[in-house]
Ligand SMILES: Cc1ncc(COP(=O)(O)O)c(C=O)c1O
């Protein structure tokens, strides 16, 4: 859908379609990372109580550091992490966009390995970061030699690795990660939005 010419939107966004993962009427919706089991009535009642309590403080801005949430997430992640090592935002989409706002931008490049999460090039476009996608191998693994070659030639400010990868479900192997870490000149982001779905025995990047 194209916007009327008088709408003064950025030209590179004019003909874009909004992103949206298909919302299919099936019980298990892995494509949107949804839990097929709803919360228990007890959990729902807890949430309602907590919302009611929070509503009484709505005349104040919330803690802008989201300290309690970051502390709870650090505890959930384990590995001795503390709240000062956790960044929170509205979904990991916003975290990724903020990473590119801070570390990407005009004149900078972000690299990943396709097929991978379809939003990465969109964050790059939104932040005027140049986007370069290497190809995964036939089995959807990342070939460490090809990755090193691409990173050495593109010198990206940010590399996105996804484990398990969306849409292929491929876990990131240690050799792939260390090959990238050895040569990446900037930030290496390992996105583990689907970590809870990894096969038994597959470590997360933090392990
Ligand atoms: C790899 C990956 N990262 C992030 C997201 C989005 O996560 P959030 O809902 O936390 O923004 C998705 C959703 O499909 C995803 O596949």
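Numbering (the working numbering), first residue to last: 482 to 688.
Glycine residues also receive a C-beta, built at the ideal position from the N, C-alpha and C atoms.
Because the structure is a prediction, the values reported are computed rather than measured.
Can you tell which of the options has its C-alpha closest to the C-alpha of residue i?
i           : options               : result
residue 514 : 686, 677, 601 and 528 : 677
residue 619 : 595, 633, 629 and 611 : 595
residue 640 : 629, 650 and 508      : 629
residue 597 : 509, 652, 680 and 558 : 652
residue 494 : 625, 487 and 483      : 483
residue 674 : 644, 615 and 666      : 644
residue 672 : 663, 682, 562 and 600 : 600
residue 684 : 626, 558 and 554      : 558
residue 545 : 525, 569 and 606      : 569
residue 668 : 612, 584, 688 and 589 : 584
Which of the three DSSP states, helix, strand or coil, is assigned to residue i?
i           : result
residue 688 : coil
residue 709 : Coverage of the chain is limited to positions 482 through 688, which leaves residue 709 absent and any answer about it impossible.
residue 661 : helix
residue 535 : helix
residue 562 : coil
residue 484 : coil
By the 10 Å Cβ neighbour count, where 16 or more other Cβ atoms means buried, how is residue i classified, buried or exposed?
i           : result
residue 578 : buried
residue 580 : buried
residue 492 : exposed
residue 556 : exposed
residue 529 : exposed
residue 500 : exposed
residue 592 : buried
residue 505 : exposed
Using a beta-carbon distance below 8 angstroms, is residue i in contact with chain D?
i           : result
residue 653 : Considering every chain present, this structure includes no chain D. It has just one protein chain.
Can you list, in chain order, the stretches of the alpha helix (DSSP H) that have 4 or more residues and sit fully within the stretch 570-658?
Runs found: 572-584, 601-607 and 625-635.
Which runs of the alpha helix (DSSP H) at least 4 residues long sit entirely within the stretch 506-560? Give them in chain order.
Here the runs fully enclosed are 522-536 and 548-558.
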